[in-house]
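Numbering follows our numbering, with no gaps: position 477 of the sequence shown is 466.
Okay, structure first, notes after.
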Amino acid sequence: MALSLAFFVPFIAAALAVLLTRLSQRGAGWVLAMFPAGLAVWFGAQVPAIVRGEVRSVSLRWMPDLGIDFALRLDALALLMALLITGLGTLVVIYAGRYLVHHEVLGRFYGWLLLFMGGMLGIVLADNTLLLFVCWEVTTFASFILIGFEHKEDAARESAQRALLITALGGQSLLVGLLLMGDVVGSLSISGTLAAAETVRDSPRYLAILLLVLGGAFTKSAQVPFHTWLPGAMTAPTPVSAYLHSATMVKAGVFLLARLAPVLGGTPEWETILTVVGAVTMVLGALLALGHTDLKLVLAYATVSVLGALVMLLGQGTAAAIQAMVTFLTAHALYKGTLFLVAGSVDHETGTRDLTHLSGLRKHLPLTAAAAAAAALSMMGIPPLFGFVGKELIYEACLKGPGGWPLALAAMVGFSGMVAAALRVGVQPFVGRTFHADKPEAGIHEAPLSMWLGPALLAATGLALGLVPWAIQPLLATAATDIGGGLAAGLKLTLWHGVTPALGLSAASLALGGGLFALRRPVLHCLKTLNLGDYGPERLYQASLIGLMKLSSSMTRLLQNGSLHQYIVVTMATFGGVVGLGVVLRLWAWPREVSTDILPHEVVVLAGILVSAVLAVVSRSALTSILALGALGLAEALLYVFFAAPDLAMTQVVVQTLTVILFALVFARFPVQPHEHRFRWWTAALPLAVGAVITWTLLHVASMPSHRRLADYYAAQSVPQGKGLNIVNVILVDFRSLDTLGETTVLATSGLGVYLLFRTRTRRKERQV
């Protein structure tokens, strides 16, 4: 049960965020940070057991008839992600407490951030695909709110909308893929799906499942062509950028691919799609990072490049590639989280993130500069930082994998761009003469403790793991085994691999990246001239958005035109078409065990119903049509009597009588307007067709074997629990009392609305008099 409690802790903290912030605006961050900090300690305590091969799990019955359970599973891969989520989350919450201390809705910000944390933790711990999807959508919605947190700014609203549209579309794709996979396996359990991997790969639905799952993963992890939302999300407050868009949310797609790699991986389709898309994303992200001067935008595009590299490694699927993926995923979270927080501190102290206006800040921000330097060195892949260990493994994986030298050269290009980006964001603002535009030099000083603590700890962790990589080696090795099975076992982390081709590629990337940094002005000018950001995916997104708006406007003009007649026609046609399609596809034969014998008195009643219906349609008099509808209802009541439902017949008589009286009273007040009555055959054919479809469907439903369990329960418990002999009444009043209460509330609200409308009209008349 401790695992279940760990799942709910962030949601509890989110519920308390506003209250704690109102009690103490400055101290709330430290108090709220205790929740993820406690989780990080608990997860850390599980490392020895998980490394030994144990798995923590819990399963509670949720919707057993649908195969949906509240099932959680903590293995090494989930534990690695959980430690990153809670550890980074602790530091970001503390950082946000000072960075946004004067924000008017700081408590709301904490709430959404912790809600997102809970969603991310749910994704990595879920052992049921629908639970995973629910948590997936929690992160989508929470990130939408956080990206658009400064909602008064147009750029923030547009960026939040873009992120929501792209990631939510991917989420729907993921849902369909998970349901198809569950149908193939016969279970929604992730553990069960992993055990039935061969069944999924041998299924004719495999390619459809793969493409749908990749749609969800690629949109979440900003792969080309879905990467455009991530740079736009930099309009969010810096703590959001540091947490969501460098270490957690964008890693959700990578985690999903890693979790399902044993099921969907190992096929030519998997290897080709992931390798190609990942390599293109890695190179393109590195190039785009060189074309901007905003600190956060440079980091955002560098993140896109790293995400591409991680996906590319999963596509390779070799033991070396999987080991490199888990290692570099950890290294990236440490140095990128540091650099984002550093960018926030620089912006907080100087009032700008423009690299052309920043230099010489090491004198004013010494601690921040030290953290930035350590993180930049790790990003560049320079020993003894942990980033160097990860980069060497990536080069070795590319050289030994099926991609060979072409893929290794693509990785070198990507890392060259990251080297240049690291020099620009981690070194350039802190060296040279002090040069800034928005704040006098005397007002620049080191950030407060809560803002430099996070970057310092993350940078120090990156350095420590580089010096003693064996400290984290067991966890990473076990996580790699969870992804690749025994194939990925035996990870050995070391700071020095000797003079190898990988070391040569690493040195080449440093030289090329240093050259790009030295020539940053002409490179920046060249990339701005090419204007890569306005082509391809960006233009596709804008065109899709414009097309969606035009389609929405045309549909609104067509469907919401104020014509009640057209509303009814569209509703009936849609309903009849959807149900009719199912009837044609599955219920074409005459239903089994349905009698065709009709008694004489039933024929008389049916004839009365048909005559009343025709008379109601063709009559030129409103009163005649009303009376015909009343006669039709009374004839239906007779049918209920024939089939032993007297209570339903009485209800029908009362309702029909009241309806006729109300219609007659209302229409009597309407002015008589002569009109030409025109009978349209198509308006008669549509309701007849819909009625035929519904009748045919009900006949098939009646012919199917019924599940008696619920009916027998009602029959047995109606008298002892409901104290009534009329089972229908007991069901409505006792067993479904909340449903009846809701219906009563709706009727009462409607009646109150009508009363207020009449009262308003009476008052207007009185004022006019």
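Just so it is clear, CB atoms sit at the ideal spot from N, CA and C, and this is done for glycine as well.
In this text, all values refer to a predicted model and were calculated from it rather than measured experimentally.
Asked	Found
Please list, in chain order, all residues of the same chain as Arg194 whose beta carbon is under 7 Å from its beta carbon, the five residues on each side excluded.	Leu169 and Val173
Put Val567 into one of helix, strand or coil per three-state DSSP.	helix
Mind checking whether Leu347 and Ser334 have CB atoms under 8 Å apart?	no
Would you check if there are 3 or more beta carbon pairs closer than 8 Å linking the segment 374 to 383 to the segment 447 to 459?	yes
Identify the continuous beta strand (DSSP E) that holds Trp51 and give its terminal residues.	Arg45 to Met52
Compute the distance between the beta-carbons of Leu279 and Leu61, then report whether it is under 8 Å.	no
Going by CA-CA distance only, name the one from Leu273, Met106, Ala298 and Leu299 that's closest to Val287.	Leu273
For the beta strand (DSSP E) holding Phe59, just list the boundary residues, first then last.	Ile57 to Leu63
Am I right that Trp685 and Val572 are in contact with their C-beta atoms under 8 Å? What's the rounded C-beta distance?	6 Å
Assign Val408 to one of two classes, buried (16 or more other C-beta atoms within 10 Å of its C-beta) or exposed (fewer than that).	buried
Report all residues from its chain with a CB closer than 6 Å to the CB of Ala157; omit the five preceding and five following residues, and keep chain order.	Thr129
State the DSSP-derived secondary structure class of Ala185, mapped to helix, strand or coil.	coil
So, Pro(-1) versus Phe32, is the Cβ gap smaller than 8 Å?	no
Go to Leu627, then tell me how far its alpha helix (DSSP H) extends in each direction, as first and last residue.	Ala611 to Phe631
Checking the sheet assignment: what are the DSSP bridge partners for Asn117?	Ser178
Measuring only the C-alpha atoms, how far is His664 from Leu612?	Per-residue confidence for His664 stands at a pLDDT of 48, beneath the threshold of 50, marking its modelled position as unreliable; the derived number appears in the next sentence. Approximately 15 Å, taken between the alpha carbons.
The alpha helix (DSSP H) spanning Glu142 covers which residue range?	Premise fails: Glu142 is in no alpha helix (DSSP H) and is neither H nor E.
Which residues does DSSP pair with Asp283 in a beta bridge?	Asp343
From Gly379 to Leu89, what distance separates their C-alpha atoms?	34 Å
Note down, one range per segment and in chain order, each alpha helix (DSSP H) of at least 4 residues found wholly within the segment 301 to 364.	308 to 339
Starting from Phe32, follow the alpha helix (DSSP H) in both directions and report where the run begins and ends.	Ala17 to Ala34
By Cβ distance below 6 Å, which residues in the same chain neighbour Ala620 in space, the five residues on each side in sequence not counted?	Ser601
Do Thr341 and Gly773 come within 8 Å of each other at the CB atom, strictly closer than that value?	With the chain running from -10 to 758 in the structure shown, residue 773 is simply not present.
Rank Leu344, Leu328 and Trp101 by C-alpha distance to the C-alpha of Met368 and give the top, closest one.	Leu328
Indicate the three-state DSSP secondary structure (helix, strand or coil) for Gln641 in the structure shown.	helix
Got a sec? Which residues, its chain only, sit under 8 Å from Gly111 by beta carbon, not counting five neighbours each side?	Phe(-4), Leu120, Leu121, Val123, Cys124 and Val127
For the pair the segment 135 to 150 and the segment 94 to 109, tell me if three or more CB-CB distances fall below 8 Å.	yes
Which residues in the same chain have their Cβ closer than 8 Å to the Cβ of Gly742, if we skip the five residues on either side of it in sequence?	none
Given 8 Å as the limit, is there contact between the segment 145 to 156 and the segment 217 to 231, that is, 3 or more CB pairs closer than that?	yes
Identify which residue in Ser498, His590, Ala460 and Ser692 has its Cα closest to the Cα of Thr483.	Ala460
Would you kindly report the start and end of the unbroken alpha helix (DSSP H) that includes Val414?	Gly393 to Gly415
Does the contact criterion of 3 or more C-beta pairs under 8 Å hold for the segment 161 to 168 versus the segment 189 to 208?	yes
Compare the C-alpha of Glu385 against each of Leu464, Thr489 and Leu344 and name the closest.	Thr489
Consult DSSP for Gly451 and reduce its assignment to one of helix, strand or coil.	helix
I need the DSSP call for Trp441, collapsed to helix, strand or coil.	helix
Under the assumption that Met314 contacts Leu263 (Cβ atoms under 8 Å), give the Cβ distance between them as a whole number of angstroms.	Not quite, the Cβ-Cβ distance comes to about 11 Å (not below 8 Å), so this is no contact.
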